[in-house]
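The block underneath contains the structure these notes are about, expressed in C-alpha cells.
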C-alpha cells in the first residue's frame, strides 16, 4: 500500500515517508526470513517455493537500498526491484483453494507452453522478415504530405511490433489497407497482398494464440482434479500410514494401476478393508491403497471387522456383482471395475472436464407433491390438489404453455413502438390479455400444488419459478394500467415484459442445464477476475514507478521536450497549405497516463481490452 501512494509531482514529505517506510519493510522482511531459516533450517527453508521467492525479494530490496544510498544507480532504475515485493500478495493463494488452483494452472501453463512460445516467436520473426521484403519503405508514399504510419515494416524491430499488433487484432485491417494502398490500391492486381495479412491473422490469432487458452484450461482441470483427490484423501484417511479409513458410511478407496473404485459401506464404527478379500474385488493382486499402504499392512489392522466387510463383497471373484442394498446405494447405481454409474442425473458429480449435453442422460421426472399443506388449505391428499397436479404434469398442458410463451414472445417483437394506436397493436394487446390469463392460471395451479414459500419444495423456493412469477406480475400490472402510459413506472414494467422468453428455460431441461453451467462458470470467473486485478495492480504500480510524468506531448508535433514547447507555431488543418493557422504551443498530458495508481490501472485495463493499445 505504501507503493500505491507514489504519484507524479508529490510533496517532499511524502518522499521522506516512503523512504522510511521502505527501510522499515526491508528490515521487517529480513527479520522474517532469518527467523524462518533459524526455525526450519537452511535446507528445509528453501523447500518451499514461496520461501525462495521471499528470499529473492529480501535480497533484491537490500541491494536496491544499498545502490540508492551509495548513489551508484538512479532510483528510477531500481524501482523495478522495489516493485518485485508486490508479488508477495500471491501468498494469499495458500489459504484459498480455488485461487490456488488457478495460480497453479497458470504456472503449469507456463511450463507447457514454453515450446509453443518459441514457435510463436519464430512465426513472428518469419512474417516480420517477409513483411520487410514486401512492404519495406512502401508505407512512406501512401499519401502525400501525410505522416508515415506508426505500423510499418521499415526496420526489423518495427516489423516485429507491427506483426504482433496484427496478431492481437488491433487495427489490423488498417495496416492491411495501408499495405494495399502502398502498391496502388484495390483497383489493381496489388490487392493480392491482403493474403499476407489474412494468413498472418488467421494462423497467429485463431490458431497459435488460442492454443494458450486451451493449455491453460487443461491445466486448470488437472489442478482441480488433483486438489479434489487430495481433499478426499484427507477426509478418508485418519493416520499418515494409510492403515485406517474414515468412520461412518466411510468410502473405502482402493486405487489400482489405472482405475479407482469407491465402495460405499454403510456400517457403524470404523470400517477397514481386509486385504484377504482383495482378489474378490480386483483380479490384480498388486493393488494398493490410495495413500500408499500395502494390502499386507491393511490385513494386520482390520481382522476385527472381517465379518462386517465380508457381507459387502461377493465371494465368487466377480468384479461387478455387488448388492446395492449391501453397499448402501439406495439409488441402485450400477457399479463395475471402472466407474460407478448413478441412476439419476442429479447423482452425476461435476467434473473439471466438460461433457457434451448429448452424453448426459436426463430422465424426465415428476416432482412429487409436498407433504405440507398448500396455502394452509389443501392437504396432501386433497382432491383439488391432486387434480391440479395431474393437470400441470400433463404433456398437453406443458406443451400448450410452452407454445403460448413462444407466441407471446414473437408478438412482443411485432409491436409498433412508434405508432401505438394502430390496429395491429390493438390486436396484439388482446392476445396479450389472453396470454397473461393463461400464465396466471398456470402459476395459480402450481402454487396450489406445491405451496407458496413456507415449506420445503414450495413454488417460490426455485429461482426459475421466481422468474415466472416476476414475468406474470409484470404482465398483470402493465395490463391493468395499459392506458396510463404517462407513468414512468408503468413504462418500466412494460419494458420488463421482454423477460417473457426466459420462461422457456424452465421448460427445456437441456437449456436449463446450460444456464446452470453458465451460472457456475460466472462464479469461477470471480477467481480469474481476482488474479487479473492482482496482476493489473502490480503492473500499475510498476508503471507509476517507470512512467510517471512522462506521458505528455506538445501540440506542435515537431517539438518533443517540454523546454522546446514554447511560443507559437503554424498549423495546417487537414494538411491544406492554403489555410495556415497560428496556434500557441501547449504542453498537455495524454488521456491515459501513469501519473498515479488510479489512472495507471485505467490505462492497463484499456490495454487489456486491446482497444487502441499501440
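Residue numbers (full-length UniProt numbering): 1 to 614. Where is the CB? At the ideal position from N, CA and C, for every residue including glycine.
Can you pull the DSSP bridge partners for residue i?
| i | result |
| --- | --- |
| residue 571 | 581 |
| residue 172 | Answer by DSSP bridge pairing: none, since residue 172 is not bridged. |
| residue 589 | 552 |
| residue 374 | 378 |
By the 10 Å Cβ neighbour count, where 16 or more other Cβ atoms means buried, how is residue i classified, buried or exposed?
| i | result |
| --- | --- |
| residue 172 | buried |
| residue 609 | exposed |
| residue 611 | exposed |
| residue 202 | exposed |
| residue 195 | exposed |
| residue 444 | exposed |
| residue 71 | exposed |
| residue 110 | exposed |
| residue 560 | exposed |
| residue 564 | exposed |
| residue 334 | In this prediction, residue 334 scores a pLDDT of 36, lower than 50, which makes its location untrustworthy; the coordinate-derived value is nonetheless stated afterwards. The residue in question, residue 334, is exposed, as its Cβ has fewer than 16 Cβ neighbours within 10 Å. |
| residue 500 | buried |
| residue 419 | exposed |
| residue 32 | exposed |
| residue 577 | exposed |
So does residue i have its beta carbon nearer than 7 Å to some heavy atom of the ligand GTP?
| i | result |
| --- | --- |
| residue 548 | Absence of the ligand GTP is noted for the structure shown, with no ligands found whatsoever. |
Work out the CA separation of residue j and residue i for me, nearest whole Å.
| i | j | result |
| --- | --- | --- |
| residue 512 | residue 502 | 10 Å |
| residue 524 | residue 27 | 38 Å |
| residue 2 | residue 61 | 15 Å |
| residue 617 | residue 600 | With the chain running from 1 to 614 in the structure shown, residue 617 is simply not present. |
| residue 454 | residue 539 | 51 Å |
| residue 200 | residue 53 | 39 Å |
| residue 120 | residue 546 | 28 Å |
| residue 591 | residue 585 | 18 Å |
| residue 531 | residue 50 | 17 Å |
| residue 66 | residue 34 | 19 Å |
| residue 628 | residue 541 | Any answer about residue 628 is impossible in this case: the structure gives the chain only from 1 up to 614. |
| residue 310 | residue 517 | Interpretation of residue 310 is limited by its pLDDT of 44, a score under 50 that renders its predicted location unreliable; no figure is taken from the coordinates. |
| residue 112 | residue 210 | 14 Å |
| residue 554 | residue 571 | 13 Å |
| residue 47 | residue 520 | 36 Å |
| residue 478 | residue 493 | 6 Å |
| residue 9 | residue 606 | 24 Å |
| residue 408 | residue 396 | 18 Å |
| residue 528 | residue 208 | 22 Å |
| residue 11 | residue 534 | 27 Å |
| residue 451 | residue 165 | 60 Å |
| residue 466 | residue 378 | 22 Å |
| residue 137 | residue 567 | 35 Å |
| residue 429 | residue 174 | 49 Å |
| residue 434 | residue 427 | 11 Å |
Considering only residues of the same chain and omitting the five flanking positions on each side of residue i, which have a CB-CB separation below 6 Å?
| i | result |
| --- | --- |
| residue 496 | 474 |
| residue 204 | 167 |
| residue 163 | 124, 127 and 128 |
| residue 536 | 601 and 604 |
| residue 562 | 587 |
| residue 556 | 569 and 585 |
Leaving out the 5 sequence neighbours to the left and right, which residues in its chain are closer than 8 Å to residue i when beta-carbon positions are compared?
| i | result |
| --- | --- |
| residue 180 | 186, 190, 191, 193 and 194 |
| residue 543 | 594, 600, 603 and 604 |
| residue 7 | 544, 548, 595, 596 and 597 |
| residue 116 | 208, 211, 212 and 215 |
| residue 416 | 422, 424 and 425 |
| residue 184 | 190 |
| residue 470 | 496 and 499 |
Return the chain-ordered list of same chain residues with a C-beta closer than 7 Å to the C-beta of residue i, the five sequence neighbours on each side being excluded.
| i | result |
| --- | --- |
| residue 176 | 194 and 197 |
| residue 441 | none |
| residue 498 | 412 |
| residue 505 | 464, 511, 512 and 515 |
| residue 19 | none |
| residue 468 | 443, 503 and 506 |
| residue 43 | none |
| residue 380 | 369 and 371 |
| residue 431 | 411 |
| residue 402 | 504 and 507 |
Rounded to whole angstroms, how far is the Cβ of residue i from the Cβ of residue j, which I believe are closer than 8 Å?
| i | j | result |
| --- | --- | --- |
| residue 385 | residue 374 | 6 Å |
| residue 368 | residue 456 | Going by Cβ atoms, the distance from residue 368 to residue 456 rounds to 11 Å, so no, they are not a contact pair. |
| residue 29 | residue 57 | 7 Å |
| residue 476 | residue 436 | 6 Å |
| residue 449 | residue 388 | 5 Å |
| residue 139 | residue 178 | 6 Å |
| residue 131 | residue 151 | That pair is no contact at about 10 Å. |
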